[in-house]
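In UniProt numbering, the protein residues as written are 1 to 350.
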């Protein structure tokens, strides 16, 4: 058992409504239960913080049920088994799964939404990369590009182009020979997207004339869209799509509000009909049978320098709400993670 038998956890105290409202999270400290047969204790090491966290806090219909008020906040992480009463999760093993926003998670398959996966050792990459560019983030980008089907001579638009998924998807689309145009928040992000990631152009989403700027750099229209934002960005993109355009719906961060009155909605949806276009949503979890294949492809590109990425790592579980806030403020580049404990942690919460 851990040397300090306490568990810090963020619990949902109330459901947020608007996107700018502070999440109703309370950091509480509780005792770590004595393990029963069929259980293991996982010490969270690194926590992935994603836009979908906002969905889980609300009662928006999604593939997973909302986090109940009073329950530990849902979150994907990598942890180390520090105590065990099950043979498949031995002490010392590194595991991937829903650790939650907490120091410790009791791994009990009868209670968890999905079981933990034991990671191979030695690890093929850092824990941070396994939750980012080589994890569900990178896999989401790969799947989105497959849906968008970028080709030479075609124009692809990527919203949130400096973000975790968009930054990777744009590079993959460029690799396929397409002309790639990003949208990002601020001139610094736009410079990063063009000068470091190799996009052909990037429009500052915060420019009051962003629609005009986008129109200027897509004179021949849009053949594919990798959509991470939705709202008014998607609405304008729809007004510029070409016949047969393909839209990969990765996320709709602009509409992750529980209050329908605060959602933008789509006014130009008719363009899908008029342009005989296709818009397809997907969930990365539905493609688990391809994870090894896609991760392998991404690892090759990362290793030979074709794929670049950035990440922001905040130290300490207490910074998890701030990590989520940074996503919605749009003030960072790439993947955002929280380092909950040192990678060699064996149990102490101190």
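By construction, the Cβ of each residue, glycine as well, lies at the ideal position given by its N, Cα and C atoms.
Does residue i pass the burial test, meaning 16 or more other C-beta atoms within 10 Å, or should it be called exposed?
i	result
residue 140	buried
residue 6	exposed
residue 39	buried
residue 296	exposed
residue 71	exposed
residue 225	buried
residue 14	exposed
residue 227	buried
residue 283	exposed
residue 151	exposed
residue 69	exposed
residue 133	buried
residue 23	buried
residue 350	Only weak support exists for where residue 350 lies, its pLDDT of 32 falling under 50; the coordinates are left without a value.
residue 187	exposed
residue 286	exposed
residue 316	exposed
residue 162	buried
residue 91	exposed
residue 344	exposed
residue 99	buried
Look up residue i in the DSSP assignment and say whether it is helix, strand or coil.
i	result
residue 262	helix
residue 200	coil
residue 60	coil
residue 328	helix
residue 97	strand
residue 295	helix
residue 348	Note that residue 348 scores 42 on pLDDT, short of 50, meaning its location in the model is unreliable and no value can be drawn from it.
residue 159	coil
residue 72	strand
residue 307	coil
residue 87	coil
residue 146	helix
residue 322	helix
residue 17	coil
residue 52	helix
residue 138	helix
residue 154	coil
residue 301	helix
Using only the alpha-carbon positions, how far apart do residue i and residue j sit?
i	j	result
residue 387	residue 157	Lying before the first or after the last residue shown, residue 387 is absent from the chain, which here runs from 1 to 350.
residue 277	residue 41	49 Å
residue 180	residue 89	44 Å
residue 303	residue 73	34 Å
residue 129	residue 269	37 Å
residue 148	residue 193	19 Å
residue 320	residue 332	15 Å
residue 124	residue 229	32 Å
residue 112	residue 76	12 Å
residue 54	residue 34	32 Å
residue 67	residue 256	15 Å
residue 97	residue 117	6 Å
residue 143	residue 313	25 Å
residue 106	residue 59	25 Å
residue 56	residue 8	20 Å
residue 177	residue 154	8 Å
residue 138	residue 305	15 Å
residue 79	residue 272	44 Å
residue 215	residue 238	12 Å
residue 211	residue 301	33 Å
residue 115	residue 342	23 Å
residue 261	residue 101	29 Å
residue 242	residue 220	8 Å
residue 289	residue 121	21 Å
residue 206	residue 30	43 Å
residue 12	residue 244	44 Å
residue 127	residue 46	7 Å
residue 202	residue 190	5 Å
residue 64	residue 204	33 Å
residue 265	residue 231	6 Å
Who pairs with residue i in a beta bridge, going by DSSP?
i	result
residue 25	12
residue 42	81 and 105
residue 315	339
residue 47	77 and 338
residue 31	6
Answer yes or no: the CB of residue i versus the heavy atoms of the ligand COA, is any distance below 7 Å?
i	result
residue 81	This structure lacks the ligand COA, and indeed carries no ligand of any kind.
Chain B beta carbons: is any one of them nearer than 8 Å to that of residue i?
i	result
residue 286	The structure shown contains no chain B; it is built from a single protein chain.
- prompt: At what residue ranges does the UniProt domain "Alcohol dehydrogenase-like C-terminal" (164-290) contain a whole run of the alpha helix (DSSP H), taking only runs of 4 or more?
  reply: The UniProt domain "Alcohol dehydrogenase-like C-terminal" (164-290) is shown to contain whole alpha helix (DSSP H) runs of 4 or more residues at 164-175, 187-191, 210-217, 231-238 and 270-274, in chain order.
query: What are the complete beta strand (DSSP E) segments, minimum 3 residues, inside the stretch 104-133?
result: Those beta strand (DSSP E) runs which fall completely within the stretch 104-133 and span 3+ residues are 104-107.
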